[in-house]
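Line order of the protein sequences matches chains A and B. Heads up: the first sequence begins at 4 in the working numbering, then just goes up one per residue. Heads up: the second sequence begins at 4 in the working numbering, then just goes up one per residue. Report on the following structure.
Number of protein chains: 2
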Amino acid sequence: MTEPPRPLKRTEIRAMNETLILQAAEKVFAEAGFGGATMQLIADMAGLPKANLHYYFATKEDLYRRVVQNIFEIWLHAADSMDNAPGPAEGIGAYIDAKMEISRRHPDGSKVWASEVMHGAPVIQDYLETTLRDWTKGRAALIQRWIDEGKMAPVNPDHLLYMLWATTQHYADFGHQIQTLNGGKPLSDRQWKAAKDSVKTMILRGIGVA
Amino acid sequence: MTEPPRPLKRTEIRAMNETLILQAAEKVFAEAGFGGATMQLIADMAGLPKANLHYYFATKEDLYRRVVQNIFEIWLHAADSMDNAPGPAEGIGAYIDAKMEISRRHPDGSKVWASEVMHGAPVIQDYLETTLRDWTKGRAALIQRWIDEGKMAPVNPDHLLYMLWATTQHYADFGHQIQTLNGGKPLSDRQWKAAKDSVKTMILRGIGVA
DNA sequence: TCTTTTCCTGACCATATGGTCAGAAGGAAG
DNA sequence: CTTCCTTCTGACCATATGGTCAGGAAAAGA
Chain A
4 MTEPPRPLKR TEIRAMNETL ILQAAEKVFA EAGFGGATMQ LIADMAGLPK ANLHYYFATK
64 EDLYRRVVQN IFEIWLHAAD SMDNAPGPAE GIGAYIDAKM EISRRHPDGS KVWASEVMHG
124 APVIQDYLET TLRDWTKGRA ALIQRWIDEG KMAPVNPDHL LYMLWATTQH YADFGHQIQT
184 LNGGKPLSDR QWKAAKDSVK TMILRGIGVA
Chain B
4 MTEPPRPLKR TEIRAMNETL ILQAAEKVFA EAGFGGATMQ LIADMAGLPK ANLHYYFATK
64 EDLYRRVVQN IFEIWLHAAD SMDNAPGPAE GIGAYIDAKM EISRRHPDGS KVWASEVMHG
124 APVIQDYLET TLRDWTKGRA ALIQRWIDEG KMAPVNPDHL LYMLWATTQH YADFGHQIQT
184 LNGGKPLSDR QWKAAKDSVK TMILRGIGVA
């Protein structure tokens, strides 16, 4: 019943508490937004006294920034599936799969990201202007190459990317609405598969790859 | 230079101040979220003393509820374009046009709505369960009819609706990100037209109507 | 064992915020 | 003009919140 009281090393303690706090923070920020979240709520959810949060993260904003950065990392990694693909069917198909999986596994992270961007990206504006802009330019070029090679219909690459982001993230950000329209029940495994298939089918056909 | 000091009627005063407050509130709620918005900020933006807000709207939550309800109305009206259409090309095409126009004209409203839903729809849950659910069922049935009549490819109507919402609202909710990726400049008229065309082309082809 | 460093936390503080209220100001009605 | 009702607002209040700090507990190092 009781957990083994093995004495923890300093590094272990630090790592454990930081992730504990970050997980709690992600959930609270997602549920209440930055303004609505309170350090007390996050502390309670993490099972730690509030003062302890400030020991690990100086300010609420620092904690928030770390949460957003973590999400951004996951975001970027999903893009790897798009590279090294022989063509749009595989590349974009895999990207949709990856992003849908993220929406399913990290809905809170997606919401925090959406909230941050909606409010004008006060803390990650520099990321948008550097990392994300570069990333987008690269993928748009890749898509343009596919178009030039006649592998897909000629569409505006930027707007295709926006559509990919919008459609996949919608299942996380508007998950509550979807759940309500689904009779109040979260999507089942089968329904998630149907969602993924629907998105993939429509978008791939939409770019002339079907 | 000075506005005419014609004495205003009571009803005029009331109507004017209410819309003044509601407009300011929409902007502030969109920019800061419910938790981050303050009555003082809204008051300053409306050019009224804070106590005056509480004369017209008892609580912050009341004011917020009114803002969200206003948006919901606009939302539903956009759907009219879908009805009375001979087929999906016209109906869904018109719906995309209408929703893109809303994203362009009412980005703040869209953001408030997104924020509300992301946080679990604390104040409009009943709308989701009644009005929106009915609306969705009706349009899904309409789409299914088009499919049965062979007018479009057999897709899951619900997921098509989600895609329509996601894609169009993305241009409002993530407008800041899009603007950043556009070199920091808001989309021009020409670019908005390109966006609309891209979305319409890809989705209509995606459902086999092209 | 003794010292040092890190970790932890209850109590506390300054500030900001939602909301209240008494009374002034100004149209409406007679 | 007088009365009545709506609109308006500065001053005020209770509370919640982000953040601080002194000192205790516990691990690391010598």
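The C-beta atom is built at its ideal place from N, Cα and C for all residues, glycine as well.
Measure the alpha-carbon distance for B/Pro160 versus B/Ala144 and round it to whole angstroms. 8 Å
Shortest alpha-carbon distance to A/Phe75 belongs to which of A/Gly186, A/Asp129, A/Gly36? A/Asp129
Listed in chain order, which residues of the segment 159–184 of chain B have Cβ atoms closer than 8 Å to some Cβ of chain A? Asn159, Asp161, His162, Leu163, Tyr165, Met166, Trp168, Ala169, Thr170, Gln172, His173, Tyr174, Asp176, Phe177, His179, Gln180, Ile181, Thr183, Leu184
Test: A/Gln128 CB closer than 9 Å to a CB of chain B: yes
Boundaries of the alpha helix (DSSP H) in which A/Phe37 is found, first to last residue: 13–39
For my contact list, B/Ala124 and A/His173 are in at a C-beta cut-off of 8 Å; report their separation, rounded to the angstrom. With a Cβ gap of about 15 Å, B/Ala124 and A/His173 do not count as contacting.
C-beta contact flag for A/Tyr59 and A/Arg13 at 9 Å: no
Our contact map puts A/Lys53 next to A/Ala46 with C-beta atoms below 8 Å; I'd like the distance itself, whole angstroms only. 4 Å
Closest by CA to B/Trp116, which one among B/Thr133, B/Leu207, B/His179, B/Arg68? B/Arg68
Minimum Cβ-Cβ distance from B/Glu6 to chain A less than 9 Å: Note that B/Glu6 scores 42 on pLDDT, short of 50, meaning its location in the model is unreliable; the coordinates nonetheless yield the value given after this. No - not a single Cβ of chain A is within 9 Å of the one on B/Glu6.
Just how far apart, CA to CA, sit B/Gly96 and A/Asp65? One C-alpha to the other measures close to 45 Å.
May I have the straight-line CA-CA distance separating B/Pro7 from A/Gly112, to the nearest angstrom? Confidence in B/Pro7 is poor, its pLDDT being 46 and thus under 50, which makes the residue's placement too unreliable to answer from.
Output needed for B/Val120: all residues of its chain with C-beta closer than 6 Å, excluding positions within five of it in sequence on either side, in chain order. none
Where B/Val70 sits in the DSSP three-state scheme: Three-state DSSP puts B/Val70 in a helix.
Assuming contact is defined by CB atoms lying nearer than 9 Å, are A/Val202 and B/His162 in contact in what I supplied? yes
Any chance you could list the alpha helix (DSSP H) runs of at least 4 consecutive residues sitting entirely within the segment 89–134 of chain B, in chain order? 91–108, 110–121
Taking Cβ positions only, does B/Glu132 come closer than 9 Å to chain A? yes
What does the alpha-carbon distance come out to for the pair A/Lys154 and A/Met205? Each residue's alpha carbon lies about 17 Å from the other.
As assigned by DSSP and simplified to three states, the class of B/Pro8: Because B/Pro8 sits at a pLDDT of 47, beneath the cut-off of 50, its placement in the model cannot be relied upon, and the following sentence gives the value as read from the coordinates. If DSSP states are grouped into helix, strand and coil, B/Pro8 belongs with coil.
At a CB-CB cut-off below 8 Å, which residues of chain A make contact with B/Thr204? Val158, Gly209
Residue environment, B/Thr22, which counts as buried when at least 16 other CB atoms sit within 10 Å: exposed
At the level of alpha carbons, what is the spacing between A/Arg208 and A/Tyr98? 15 Å
Could you work out which residue in A/Trp149, A/Gly94, A/Ile127, A/Pro110 is closest to A/Glu29 when comparing CA atoms only? A/Pro110
Which chain B residues sit within Cβ distance under 9 Å of A/Lys63? Within 9 Å Cβ-Cβ: nothing; A/Lys63 doesn't reach chain B, min ~12 Å.
On the DSSP letters alone, give me the boundaries of the alpha helix (DSSP H) that A/Asn55 sits inside. 53–59
Measure the C-alpha to C-alpha separation of A/Met4 and B/Leu135 and round it to an integer number of angstroms. Its pLDDT being 39, under 50, A/Met4 is placed unreliably in this model, and the value from its coordinates should be taken loosely. If you take the alpha carbons of A/Met4 and B/Leu135, they lie about 47 Å apart.
For A/Thr183, does the three-state DSSP call read helix, strand or coil? helix
A/Val158 to A/Ile150, Cα distance in whole Å? 8 Å
To the nearest angstrom, report how far apart B/Gln182 and B/Gln194 are at their CA atoms. Here the alpha carbons of B/Gln194 and B/Gln182 stand approximately 11 Å from one another.
Beta carbon of A/Leu164 nearer than 9 Å to that of A/Arg148: no
A/Val70 to A/Lys63, Cα distance in whole Å? Distance between the alpha carbons of A/Val70 and A/Lys63 is about 11 Å.
Residues of chain B with a CB under 8 Å from the CB of A/Phe32: which are they? Residues of chain B passing the Cβ test: none, with the nearest at roughly 10 Å.
Can you list, in chain order, the residues of its chain whose CB lies under 6 Å from that of B/Leu190, leaving out five sequence neighbours each side? none
Does any residue of chain B bring its CB to less than 9 Å from the CB of A/Gly36? yes
Rounded to the nearest angstrom, what separates A/Ala35 and A/Thr171 at their Cα positions? 22 Å
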